[in-house]
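Numbering (full-length UniProt numbering), first residue to last: 1 to 326.
We put the CB at the ideal spot given by N, CA and C, even for glycine.
Each remark here refers to the structure printed beneath this line.
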């Protein structure tokens, strides 16, 4: 099979497409013929060896995939030919085939294309976990979403709307602000030319109830300063590349709760909440209540270009690699 491989840490251009042996399903596993794989910002960080956990070299990047079951190991209820989507936390999605536990895939809802299915796993699960299980968002609350035009950010806008919350999209330019409004954001702020703290307080009529922050860097503190007393600040990662040092006196004076959620370990630390959220996500997708926006598509030979596109923060919504053209 053909696969994109990272042989050495560095920029996206280090990823090369080459031939690898076809995978074989063991007990409780399946092999999937991959039709589409989604690109996430952590993929860029892993290739650069800037993620929380280093990936051993060489490896095939990519965590989200959708395709058709090619073969089934013993102990699985799936059948050859089933359309499924799933997650590979350790990488392997940017390839023509992948082997993974049968428990890590879900049937693709009728009417959903492979690219949409591949793009719906990590980001929507992250958003649902963060909003419902961690921040415990209530109808009518104001949610500030950093990086709102990206994969996790746009999914957070979608889930927050379904939960009855109002959203402030924080983005880096006017085009992304306009796009977030069309996506359902109640308000949008271009931090490149607007005072973030003051605009949040103005838009929310006094301050945010919840901040969802997958970006970090110099945006975190003004968002913290914009919060109402008793608010909840949820950190999801540091796409900016910088881990912020938040002043504890602000947290003390505002009575703010700061929480963290990491998608990779959330099922381990909160198994009941994780199962409940995943069931709800399946229902929302099956009913067509949420659909990821795919802002750009590449083929397998252009995997490095897809990663560069995400690294340069050009994406609106999700970026997908079409392994098999529909």
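Checklist entry - Below 8 Å between beta carbons: does that hold for residue 80 and residue 72? => result yes
Checklist entry - Is there contact here, the segment 318-326 with the segment 286-306, by at least three beta-carbon pairs under 8 Å? => result The segment 318-326 is in contact with the segment 286-306.
Checklist entry - If you count every other CB in all the chains shown that lies within 10 Å of the CB of residue 192, and 16 or more means buried, which is it? => result Exposed.
Checklist entry - How big is the Cα-Cα spacing for residue 289 and residue 282? => result Just so you know, the alpha carbons of residue 289 and residue 282 end up roughly 10 Å apart.
Next on the checklist: Could you tell me which whole alpha helix (DSSP H) segments of length 4 or greater appear in the segment 166-209?
Outcome noted: 174-182 and 196-204
Next on the checklist: I'd like to confirm the pairing. Which residues does DSSP put opposite residue 67 in its beta bridges?
Outcome noted: Per DSSP, the beta bridge partners of residue 67 are 34 and 84.
Next on the checklist: Short of 6 Å in beta carbon distance, which residues of its chain neighbour residue 27, apart from the five on each side in sequence? Order them along the chain.
Outcome noted: Within its own chain, the residues whose Cβ lies closer than 6 Å to the Cβ of residue 27, once the five positions on either side in sequence are excluded, are 73, 74 and 75, listed in chain order.
Checklist entry - Among 293, 232, 128 and 299, which one has its Cα closest to the Cα of residue 93? => result 299
Next on the checklist: Since residue 212 and residue 236 should fall inside the 8 Å C-beta cutoff, what is the C-beta to C-beta distance between them, to a whole number of angstroms?
Outcome noted: 7 Å
Next on the checklist: Closest to residue 264 by C-alpha separation, out of 134, 241 and 89, would be which residue?
Outcome noted: 89
Item to check | Contacting residues, own chain, Cβ-Cβ under 8 Å from residue 130 (five flanking each side not counted) | outcome: Cβ neighbours of residue 130 beyond the five flanking positions: 156, 212, 234, 236 and 261.
Item to check | Cβ neighbours of residue 12 in the same chain (closer than 7 Å, five flanking residues each side left out) | outcome: 44, 47, 304, 307, 308 and 311
Item to check | Span of the alpha helix (DSSP H), counted from its first residue to its last, around residue 105 | outcome: No alpha helix (DSSP H) contains residue 105, which is instead part of the beta strand (DSSP E) from 105-107.
Next on the checklist: Between the segment 100-119 and the segment 176-185, can you find at least three pairs of beta-carbon atoms closer than 8 Å?
Outcome noted: no
Item to check | residue 166 versus residue 278 - alpha carbon distance | outcome: Approximately 23 Å between the Cα atoms of the pair.
Checklist entry - Who are the near neighbours of residue 161 in its chain, counting only those whose CB is closer than 8 Å to its CB and skipping five residues on each side? => result 167 and 184
Next on the checklist: Taking the alpha-carbon of residue 2 as reference, which of 285, 29 and 95 has the nearest alpha-carbon?
Outcome noted: 95
Checklist entry - Hey, residue 97 and residue 145: beta-carbon distance below 8 Å or not? => result no
Checklist entry - Using a Cβ-Cβ cut-off of 7 Å (strictly less than) and excluding sequence neighbours within five positions of residue 291, which residues of its own chain qualify? => result 116
Item to check | residue 24, buried or exposed, once every other Cβ within 10 Å from all chains shown has been counted against 16 | outcome: Counting every other CB atom within 10 Å of its CB across the protein chains shown gives residue 24 a total below 16, marking it as exposed.
Item to check | Of the residues 40, 286 and 217, the one placed nearest residue 126, counting alpha carbons only | outcome: 40
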